[in-house]
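Note sheet for the following structure.
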Amino acid sequence: MFGFASKDIGIDLGTANTLVYLKGRGIVLREPSIVIKNTRTNEIVAVGKRARDMMGRTPANIVALRPMRDGVISDYDTTLAMIKHCISEATGKAPGKWRGGKVMICVPYGVTSIEQRAVMDAARAVGAAEAYTIEEPFAAAIGAGLPVWEPVGSMVVDIGGGTAEVAIISLGGIVSSESIRVGGDEMDEAIKHYVRKRYNVVIGERTAENLKMGIGTAAVLNEEEAELDMEIRGRDLVTGFPKTLTITAKEMEQALKEPVTRIVEGLGTTLEKTPPELASDIMDRGIVLTGGGALLKNLDKVIADAVGMPVFTADHPLDCVALGTGRALEDFDRYRTAIERR
Ligand code: ADP
Ligand code: MG
Numbered sequence: 022m023f024g025f026a027s028k029d030i031g032i033d034l035g036t037a038n039t040l041v042y043l044k045g046r047g048i049v050l051r052e053p054s055i056v057i058k059n060t061r062t063n064e065i066v067a068v069g070k071r072a073r074d075m076m077g078r079t080p081a082n083i084v085a086l087r088p089m090r091d092g093v094i095s096d097y098d099t100t101l102a103m104i105k106h107c108i109s110e111a112t113g114k115a116p117g118k119w120r121g122g123k124v125m126i127c128v129p130y131g132v133t134s135i136e137q138r139a140v141m142d143a144a145r146a147v148g149a150a151e152a153y154t155i156e157e158p159f160a161a162a163i164g165a166g167l168p169v170w171e172p173v174g175s176m177v178v179d180i181g182g183g184t185a186e187v188a189i190i191s192l193g194g195i196v197s198s199e200s201i202r203v204g205g206d207e208m209d210e211a212i213k214h215y216v217r218k219r220y221n222v223v224i225g226e227r228t229a230e231n232l233k234m235g236i237g238t239a240a241v242l243n244e245e246e247a248e249l250d251m252e253i254r255g256r257d258l259v260t261g262f263p264k265t266l267t268i269t270a271k272e273m274e275q276a277l278k279e280p281v282t283r284i285v286e287g288l289g290t291t292l293e294k295t296p297p298e299l300a301s302d303i304m305d306r307g308i309v310l311t312g313g314g315a316l317l318k319n320l321d322k323v324i325a326d327a328v329g330m331p332v333f334t335a336d337h338p339l340d341c342v343a344l345g346t347g348r349a350l351e352d353f354d355r356y357r358t359a360i361e362r363r
């Protein structure tokens with residue numbers, strides 16, 4: 022029984038993280054979406070966590086690739102390597118040995134049919150009997166617990182590594198969607214830029230991300246928050262030596278102002294284009310934030326303030342897309358009916 026239940030797999034192939042959902046079990050794997058390849062031999066050197074640990078420490082002929090970039094599937098081989106690795110890790114079968122049932126992979130809204138075909142081919146190549154795709158904002162909305170099948174407008178903003186995807190969903194379909202080219206990566210860049218400009222100190226991507234996760238904020242709202250700070254190490258551009266700095270939450274607010282403003286503005290644009298009935302639903306029910314970027318402190322409050330609507334951060338924002346993909350698998354007949362009607 023158990024073996025049968027685990028034959029269907031849902032995959033959230035994100036820019037930053039890939040998650041695997043086993044039907045009947047839930048999310049069983051979370052891996053960074055990174056594939057390391059030897060460009061001379063075309064050999065895959067490492068995938069996932071092991072690949073992340075190698076980043077920044079590899080010789081010239083070894084490159085780190087991401088299967089997804091800016092909302093598009095970068096190339097077939099990298100995608101295949103990522104899916105193969107994840108299925109193998111999640112099922113405990115040696116790479117290429119798994120033979121399964123349905124595999125449902127989440128793809129960004131608006132991918133071309135060629136890209137969609139490539140993802141489904143990759144799923145079949147790693148042992149899927151049937152391959153399906155599901156649109157990312159739709160999966161995010163299901164995972165956030167929104168009533169996607171009902172004739173009522175729901176708005177979800179999925180803030181991932183590369184982009185923020187805004188979508189309005191009603192009656193089992195996406196009514197409108199907008200992709201804003203700002204996500205967690207851009208926030209990290211903004212932090213690096215700030216530290217360099219203010220202190221003449223260069224910090225790495227991981228340091229910038231740690232700052233963001235530790236004391237990053239869209240707005241400092243009280244005394245207690247203002248007192249937060251964090252010590253980091255970077256390279257002094259003047260002396261060339263390592264230097265230790267203490268960065269405060271107030272500085273984070275400053276550093277992140279631009280990416281946060283761009284998310285708010287993109288959201289405003291989508292709302293302006295929304296048909297009045299749906300806009301009124303959203304006004305009543307609010308906007309839901311998903312994706313890792315939704316974890317930025319007070320982002321929900323800053324957005325709510327700017328658009329004048331209630332804004333909620335989903336429970337477990339990093340898991341919403343994978344949970345939604347999984348739920349579509351568990352409730353496959355309803356999902357199939359909805360996509361066939363489109
Ligand atoms: P994707 O769907 O593109 O793979 P995810 O939804 O997994 O992206 O989110 C990854 C992004 O979320 C990264 O940029 C990461 O730095 C960011 N993130 C994760 N945790 C936090 C946090 N606590 N605060 C701010 N950003 C976070
Ligand atoms: Mg995602």
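Everything in the sequence shown is counted per the working numbering, starting at 22 for the first residue and increasing by one.
Cβ coordinates follow ideal geometry from the N, Cα and C atoms, glycine included.
Name the residue from Ile65, Met330, Ile126, Lys278 whose alpha carbon lies nearest to the alpha carbon of Ala102.
-> For the residues Ile65, Met330, Ile126, Lys278, the minimum Cα distance to Ala102 belongs to Ile65.
8 Å Cβ shell around Glu110 - same chain, five flanking residues per side excluded | Here the set comprises Val41, Leu50, Glu52, Gly69.
Would you mind stating whether Thr228 and Gly204 have Cβ atoms separated by less than 7 Å?
-> In this structure, Gly204 does not lie closer than 7 Å to Thr228 by Cβ.
Going by beta carbon distance, what residues of the same chain come within less than 7 Å of Leu316, once the five residues before and after it are set aside?
-> So the list reads Pro338, once near-sequence residues are dropped.
Measure the C-alpha to C-alpha separation of Arg348 and Gly164 and round it to an integer number of angstroms.
-> When rounded, the distance between both Cα atoms is 7 Å.
Do Val342 and the ligand MG come close, with the Cβ less than 6 Å from some heavy atom?
-> True, at least one ligand heavy atom lies under 6 Å from that Cβ.
Tell me whether the beta-carbon of Thr346 lies closer than 7 Å to the beta-carbon of Asp91.
-> Between Thr346 and Asp91, the CB-CB gap reaches or exceeds 7 Å.
Cβ-Cβ separation, Pro88 to Thr99 (assumed contact under 8 Å), whole Å = That pair is a contact at about 5 Å.
Grab me the residues of Val124's own chain with a C-beta within less than 6 Å of its C-beta, minus the 5 sequence neighbours each way, in chain order.
-> Excluding sequence positions up to five before and after Val124, its CB lies within less than 6 Å of the CB of Ile30, Ala144, Ala149, Ala152, all in the same chain and listed in chain order.
Beta strand (DSSP E) segment containing Lys264, residue limits | Counting along the chain, the beta strand (DSSP E) containing Lys264 begins and ends at 263 to 269.
DSSP-derived helix/strand/coil call for Lys58 | Under the three-state reduction of DSSP, Lys58 is assigned to strand.
Quick one: is Glu252 buried, meaning 16 or more other Cβ sit within 10 Å of its Cβ, or exposed?
-> It is exposed - the Cβ of Glu252 has fewer than 16 other Cβ atoms within 10 Å.
Would you mind reading off the limits of the beta strand (DSSP E) that contains Val124?
-> Following the DSSP letters along the chain, one finds Val124 inside the beta strand (DSSP E) bounded by residues 123 to 128.
Any chance the CB of Gly164 is under 6 Å from a heavy atom of the ligand MG?
-> Not so, every heavy atom of the ligand MG lies at least 6 Å from the Cβ.
Going by Cα to Cα distance, which pick from Ala115, Pro158, Ile189, Lys118 is closest to Ser128?
-> One point to set straight first is that residue 128 is Val, not Ser, in the sequence displayed. Ranking the options by Cα distance to Val128, first place goes to Pro158.
Please determine, among Arg120, Ile155, Val147, Gly121, the residue with the shortest C-alpha to C-alpha distance to Gln137.
-> Nearest C-alpha to Gln137 among Arg120, Ile155, Val147, Gly121: Ile155.
Use the C-beta contact count for Ile135: other C-beta atoms within 10 angstroms, 16 or more gives buried, fewer gives exposed.
-> Around the beta carbon of Ile135, a 10 Å sphere encloses fewer than 16 other beta carbons of the protein chains shown; the residue is thus reported as exposed.
Pull up the CB-CB distance for Ile303 and Gly174, whole angstroms please, since I reckon it's below 8 Å.
-> For a cut-off of 8 Å, the C-beta gap from Ile303 to Gly174 is around 5 Å, short enough to register as a contact.
Spatially closest choice to Ile57 from Ala72, Arg46, Glu226, by CA coordinates | Nearest C-alpha to Ile57: Ala72.
Distance CB(Gly255)-CB(Val223) smaller than 7 Å | In contact: Gly255 and Val223 (Cβ atoms closer than 7 Å).
Gly35 Cβ short of 6 Å to the ligand MG heavy atom set | Gly35: yes, Cβ under 6 Å from the ligand MG.
Test item: CB-CB of Thr290 and Leu310 under 7 Å | Going by C-beta atoms, Thr290 is not nearer than 7 Å to Leu310.
Between the Cα of His106 and the Cα atoms of Ala67, Ile48, Ala247, Val216, which residue gives the shortest distance?
-> Answer by Cα proximity: Ala67.
Bounding residues of the alpha helix (DSSP H) (the contiguous stretch that carries Thr79) | Counting along the chain, Thr79 falls outside any alpha helix (DSSP H), and DSSP gives it neither H nor E.
Residues that Val222 bridges to, as DSSP identifies them | Its beta-bridge partners are Asp257.
Roughly how many whole angstroms lie between the Cα atoms of Met208 and Ile324?
-> For Met208 and Ile324, the distance between alpha carbons rounds to 16 Å.
Measuring from the CB of Gly181, is there a heavy atom of the ligand MG at a distance below 6 Å?
-> Distance from the C-beta of Gly181 to the nearest heavy atom of the ligand MG is below 6 Å.
Do you know whose CA, among Pro280, Tyr220, Leu288, Gln275, lies nearest Thr260's CA?
-> With distances taken between Cα atoms, Thr260 lies closest to Tyr220.
Runs of beta strand (DSSP E) wholly within the region 125 to 203 (minimum 3 residues, chain order) | Qualifying beta strand (DSSP E) stretches, in chain order: 151 to 156, 175 to 180, 185 to 191, 194 to 201.
Residues of its chain near Ala146, where Cβ-Cβ distance is below 7 Å and the 5 sequence neighbours each way are ignored = Contacts found: Leu101.
According to the Cβ coordinates, are Val187 and Leu288 closer than 7 Å?
-> Their beta carbons are under 7 Å apart, which means Val187 touches Leu288 by this criterion.
Euclidean distance between Cα positions of Thr282 and Gly121 = If you take the alpha carbons of Thr282 and Gly121, they lie about 45 Å apart.
Endpoints, the alpha helix (DSSP H) within which Val68 is located | From DSSP, Val68 is part of no alpha helix (DSSP H) but of the beta strand (DSSP E) over 65 to 68.
Assuming Lys322 and Ala240 form a contact by the criterion Cβ under 8 Å, report the distance between their Cβ atoms to the nearest whole angstrom.
-> The C-beta distance from Lys322 to Ala240 rounds to 7 Å, short enough to fall under 8 Å.
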